[in-house]
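What follows is a single structure, written as structure tokens, with notes after it.
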């Protein structure tokens with residue numbers, strides 16, 4: 001079945017960068033766009049951006065423009081989300097999810113906790 | 119892009135029905151028929167329960183239903199069960215290949 005396995009928890013210092021991976025299995029990696037979202041404690045989900053694994057095209061939420069980069073390695077069916085210039089406000093659980101029009105984000109990873117602390 | 123507006127919490131007793139609203143604008147919810155709802159049990163992966171505002175993926179109980187009116191989408195859960203206790207998030211396409219979520223609603227089954 002379609003499955004997304006995310007990398008483990010990270011602890012980073014303010015100003016650092018973090019790169020979260022999302023390994024896909026159970027389907028052809030190019031079939032679905034990959035979305036990224038995050039959820040801070042006590043807050044709702046926040047959409048960060050999307051990537052087309054086939055051609056690498058991306059689109060980012062305006063508030064993350066210039067700070068987020070979404071890439072992939074097709075041979076290992078893995079998507080990456082890198083966020084730079086971390087502050088304590090970036091402490092959150094980060095999720096990847098496959099997207100297929102019009103079905104929405106139909107498979108999600110279990111999340112990667114990123115903690116930013118000095 | 120501002121987050122969609124959801125109530126922070128709702129509650130109901132087993133067997134009852136509850137409705138969660140999701141209010142956006144004429145630039146997102148009101149413009150595109152692409153609202154989806156996600157059920158999220160803490161510690162687990164979220165799962166889609168409604169897409170295109172009113173449609174259920176296969177395998178999702180028919181106790182879950184969605185509706186749309188102007189700039190507001192709604193999720194109704196009928197015949198509440200203990201297992202329905204979770205967070206519920208709405209999401210809408212907002213144009214220019216961007217998406218926006220709501221603030222999430224915590225459902226408590228009394």
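Protein chains in written order, with the numbering used here: chain A, 1 to 118; chain B, 119 to 228. Note that CB positions come from ideal geometry on N, CA and C, so glycine has one too.
* Asked: Thinking C-alpha only, which one of 60/A, 12/A, 102/A, 65/A is nearest residue 116/A?
  -> Mapped onto the first chain, residue 116/A falls at position 116. Shortest Cα-Cα distance from residue 116/A to any of 60/A, 12/A, 102/A, 65/A involves 12/A.
* Whose Cβ in chain A lies nearer than 9 Å to the Cβ of residue 206/B? -> Looking up residue 206/B in the second chain gives position 88. Neighbours of residue 206/B on chain A: none; closest Cβ ~10 Å, over 9 Å.
* Asked: Going by beta carbon distance, what residues of the same chain come within less than 6 Å of residue 142/B, once the five residues before and after it are set aside?
  -> Within the second chain, the letter at position 24 stands for residue 142/B. Cβ neighbours of residue 142/B beyond the five flanking positions: 122, 189, 210.
* To do: Could you tell me which residues DSSP pairs with residue 207/B in its beta bridges?
  => Translated into the one-based positions of the second chain, residue 207/B becomes position 89. Note: residue 207/B is bridge-paired with 156/B in the DSSP secondary-structure output.
* **Cross-strand partners of residue 10/A (DSSP beta bridge)** => Walking along the first chain from the start, residue 10/A turns up at place 10. According to DSSP, residue 10/A bridges with 114/A.
* **Cα-Cα separation, residue 199/B to residue 181/B** => Here residue 199/B is taken as the residue at index 81 of the second chain, counted from 1. Here residue 181/B is taken as the residue at index 63 of the second chain, counted from 1. Straight-line Cα distance between these residues: approximately 10 Å.
* Which of the three DSSP states, helix, strand or coil, is assigned to residue 1/A? -> One-based indexing of the first chain puts residue 1/A at position 1. In this structure, DSSP gives residue 1/A a state outside helix and strand, which the three-state scheme calls coil.
* **Proximal residues to residue 21/A (C-beta, below 6 Å), its chain only, five neighbours per side dropped** => In the first chain, residue 21/A corresponds to position 21, counting from 1. The residues are 7, 78, 80.
* Asked: Is residue 101/A buried or exposed, if buried means 16 or more other CB atoms sit within 10 Å of its CB?
  -> Against the first chain, residue 101/A aligns to sequence position 101. Residue 101/A is exposed by the Cβ-count criterion.
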